[in-house]
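Please read the structure below before turning to the comments.
Chains as they are written, first to last, in full-length UniProt numbering: chain H, 1 to 282; chain D, 1 to 370.
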């Protein structure tokens with residue numbers, strides 16, 4: 001089924017002519033963006049360029065002034081009621097995790113399952129929640145803890161487990177590595193990549209983290225001047241002469257990330273076995 | 001949505017049965033399949049996935065679980081399918097037990113014990129909190145420049161001025177109700193004229209201040225708890241401490257000062273409005289003209305009644321503000337805590353106000369202010 005769908009439409013998310021404004025302030029104007037099936041698309045842009053607003057528009061939390069948004073071939077702006085089925089095919093990780101604070105981690109993951117598939121037995125729901133929690137790289141004793149008992153990185157992983165609860169086709173990540181230490185951030189990147197490959201996900205990833213962009217993103221879209229000003233691989237973006245893009249990727253941080261990425265690549269090509277022999281998630 | 005998920009069991013003599021899955025094994029189709037798979041009562045030697053269609057992690061989990069429980073092999077699995085089965089297999093932590101829930105009796109007993117400890121703890125905590133407040137007052141006497149006038153005046157407005165409307169309306173209605181009920185009862189003895197005594201003494205000595213205290217606890221005590229509680233959650237209180245600002249001085253003292261000073265004013269206002277309500281009813285129903293009502297009030301209400309009310313009011317204000325600020329400062333962890341602490345603040349404040357009111361009633365009668 002999914003293979004047929006992939007052939008049918010190579011584009012998972014299609015946005016055209018999107019306009020968003022808050023009062024006088026126009027955030028997006030005639031913005032267009034295509035996200036391909038099975039890619040990790042990084043979205044970057046300065047603060048206030050509307051990255052989060054773009055994500056909220058796609059998942060239907062923000063009603064745009066104009067434009068068309070299609071996710072997996074279904075338009076999400078016409079019809080208030082019909083978008084329920086599409087909601088079960090995406091998962092969202094909010095910036096702070098947005099876990100329900102009165103439920104345990106396992107119960108958090110079970111919420112979407114119970115909401116969309118009430119026929120599934122409670123015991124099976126718990127089993128599903130548990131393996132999703134382990135897939136997200138949490139230790140097993142985290143399952144019955146409350147969000148307030150978890151560290152920031154664990155909250156993000158728990159949020160990821162909930163986002164994956166329904167086996168979505170599309171995953172939205174809003175700054176997944178913000179606030180994590182470099183080791184935790186690198187692990188989260190590896191986890192995202194691993195899950196994307198294993199589960200065949202399309203990932204829409206908002207980030208400020210240059211390492212994330214270099215390590216796991218197939219393409220990067222740059223938001224500026226109310227539009228997507230460029231989209232492509234990082235070498236392609238570097239070939240453009242937009243000042244913001246040049247400053248972003250060629251600033252001191254951008255260069256450091258590029259250098260470390262190049263080192264990684266060299267190591268991988270020299271020792272192909274080592275990356276494979278690594279544990280699944282850790 | 002493609003072929004529905006199904007399976008068939010095929011006997012194969014001695015080597016055991018073969019279970020063949022067919023159709024799409026994904027989260028949309030799995031509920032029925034899970035129930036039927038649990039009813040299989042014969043050993044399965046082999047799982048054949050040749051006819052299976054699309055498979056997601058939930059389908060992979062079902063297949064993996066069956067293979068694990070029956071200790072059998074899976075054959076003819078697609079490449080993506082085997083990747084998923086391998087992934088969920090590595091993530092199998094289903095043997096961890098859900099947290100143990102004790103039975104009803106021990107839970108009830110534990111609940112009572114916990115509530116008792118919480119009550120005792122919060123009494124001690126309030127006492128400690130009061131101590132911290134007194135200390136910060138003393139240090140302010142030494143450095144009066146640190147007193148937060150702006151915040152205090154703002155709380156004067158929030159606690160006092162903004163409450164005038166609702167306290168006034170409530171008091172007016174209470175005055176009417178007392179006069180009306182009193183008139184009905186006293187008429188049976190032909191003593192309607194004593195309605196004035198009833199209204200005057202009851203509102204000035206007891207109800208004016210008491211009802212105001214309940215209203216202030218509901219309006220301002222809850223607001224104090226919620227404001228400070230939210231500031232605790234967002235780490236504003238911690239930020240204050242690191243900058244060297246004492247939260248008791250910056251947050252608690254202005255609120256307590258406002259409540260202590262506003263309560264007598266609001267209480268006095270409430271007494272007056274309640275008497276206006278009573279006078280209004282006496283005028284309409286009992287035909288006692290307002291001028292006569294005022295003269296009678298002066299005759300029958302001793303000035304000590306007014307003192308009693310005015311002595312109680314600031315104490316009630318202190319209790320309400322202390323309970324609100326204390327509960328707000330106790331907020332930890334999550335948003336639910338803000339709600340439960342706000343409730344606790346109001347309940348605690350009203351409870352203590354009423355208990356203390358009873359003490360005051362006995363005390364003032366004993367000292368001859370009855």
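We treat Cβ as the ideally placed atom computed from N, Cα and C, and that holds for glycine.
Residues bridged to residue i by DSSP?
i                     : result
residue 28 of chain H : H:20
residue 6 of chain D  : D:22
residue 75 of chain H : H:70
residue 46 of chain D : D:18 and D:73
residue 90 of chain H : H:170
Helix, strand or coil: which one does DSSP assign to residue i?
i                      : result
residue 76 of chain D  : coil
residue 189 of chain D : coil
residue 20 of chain D  : strand
residue 176 of chain D : helix
residue 11 of chain D  : coil
residue 361 of chain D : helix
residue 281 of chain H : Low local confidence applies: a pLDDT of 42 at residue 281 of chain H is under 50, so the model's placement there is unreliable, and no value is given.
residue 202 of chain H : strand
residue 8 of chain H   : Residue confidence is low: residue 8 of chain H scores 46 on pLDDT, short of 50, so the model does not pin down where it sits. No coordinate-derived value is stated.
residue 368 of chain D : coil
residue 355 of chain D : helix
residue 52 of chain D  : strand
residue 322 of chain D : helix
residue 290 of chain H : Because chain H in this structure spans residues 1 to 282, residue 290 of chain H falls outside the shown range and cannot be described.
residue 150 of chain D : helix
residue 301 of chain D : coil
residue 244 of chain D : coil
residue 274 of chain H : In this prediction, residue 274 of chain H has a pLDDT of 43, which is less than 50 and means its spatial position is unreliable; nothing more can be read from the coordinates.
residue 333 of chain D : coil
residue 103 of chain D : coil
residue 203 of chain D : helix
residue 29 of chain D  : coil
residue 180 of chain H : coil
residue 192 of chain H : helix
residue 287 of chain D : coil
residue 160 of chain D : helix
residue 242 of chain H : coil
residue 97 of chain D  : coil
residue 91 of chain D  : coil
residue 251 of chain H : coil
residue 155 of chain D : helix
residue 263 of chain H : helix
residue 39 of chain D  : coil
Using a C-beta to C-beta distance shorter than 8 Å, which residues of chain D count as neighbours of residue i?
i                      : result
residue 200 of chain H : 80
residue 134 of chain H : 90, 91, 92 and 93
residue 127 of chain H : 61, 65 and 94
residue 140 of chain H : 93 and 96
residue 131 of chain H : 57, 61, 88, 91, 92, 93 and 94
Output, in chain order, the set of chain H residues within a Cβ distance shorter than 9 Å of residue i.
i                     : result
residue 99 of chain D : 104 and 144
residue 69 of chain D : The contacting residues do not exist; residue 69 of chain D stays about 12 Å from chain H at best.
residue 6 of chain D  : The contacting residues do not exist; residue 6 of chain D stays about 16 Å from chain H at best.
At 7 Å on the CB atoms, spell out the chain D contacts of residue i, in chain order.
i                      : result
residue 283 of chain H : Because chain H in this structure spans residues 1 to 282, residue 283 of chain H falls outside the shown range and cannot be described.
residue 166 of chain H : 27
residue 28 of chain H  : None at all; the shortest Cβ gap to chain D is about 30 Å.
residue 248 of chain H : Within 7 Å Cβ-Cβ: nothing; residue 248 of chain H doesn't reach chain D, min ~31 Å.
Mind listing the chain H neighbours of residue i? Cutoff is C-beta to C-beta under 8 Å, in chain order.
i                      : result
residue 336 of chain D : 101 and 102
residue 83 of chain D  : 198
Verify the CB distance criterion: does residue i have a CB-CB separation below 8 Å to chain C?
i                      : result
residue 148 of chain H : Within the model displayed, chain C is absent; protein chains H and D are what it includes.
At a CB-CB cut-off below 9 Å, which residues of chain D make contact with residue i?
i                      : result
residue 120 of chain H : 27, 30, 31, 34 and 58
request  = Counting only runs of 4+ residues fully inside the region 208-238 of chain H, write out the alpha helix (DSSP H) ranges in chain order.
outcome  = Those alpha helix (DSSP H) runs which fall completely within the region 208-238 of chain H and span 4+ residues are 210-216.
request  = Let me know the beta strand (DSSP E) ranges lying completely inside the region 92-176 of chain H, each 3 residues or longer, listed in chain order.
outcome  = 170-174, all fully within the region 92-176 of chain H.
ask   = Taking the runs of the alpha helix (DSSP H) that are 4 residues or longer, which of them lie wholly in the region 207-238 of chain D?
value = DSSP assignment within the region 207-238 of chain D yields the following whole alpha helix (DSSP H) runs of 4 residues or more, N-terminal first: 208-216 and 222-233.
task = Note down, in chain order, all residues in the region 171-194 of chain H with a beta-carbon under 7 Å from any beta-carbon belonging to chain D.
result = Under the 7 Å Cβ criterion, the region 171-194 of chain H contributes no residue.
message = By the 8 Å beta-carbon criterion, what residues does the region 45-61 of chain D contribute toward chain H?
response = Listed by position, the residues of the region 45-61 of chain D near chain H (Cβ gap below 8 Å) are 53, 54, 56, 57, 58 and 61.
query = At a Cβ cut of 9 Å, what residues of the region 34-59 of chain H count as close to chain D, listed as they run along the chain?
reply = Listed in sequence order: no entries.
Residue ranges of each alpha helix (DSSP H) within the region 32-66 of chain H, 4 or longer = Runs found: 51-58.
request  = Could you run through the region 325-354 of chain D and flag, in chain order, every residue whose CB is less than 7 Å away from some CB of chain H?
outcome  = Taking 7 Å as the Cβ-Cβ cut-off against chain H, the residues of the region 325-354 of chain D that qualify are 333, 334, 335 and 336.
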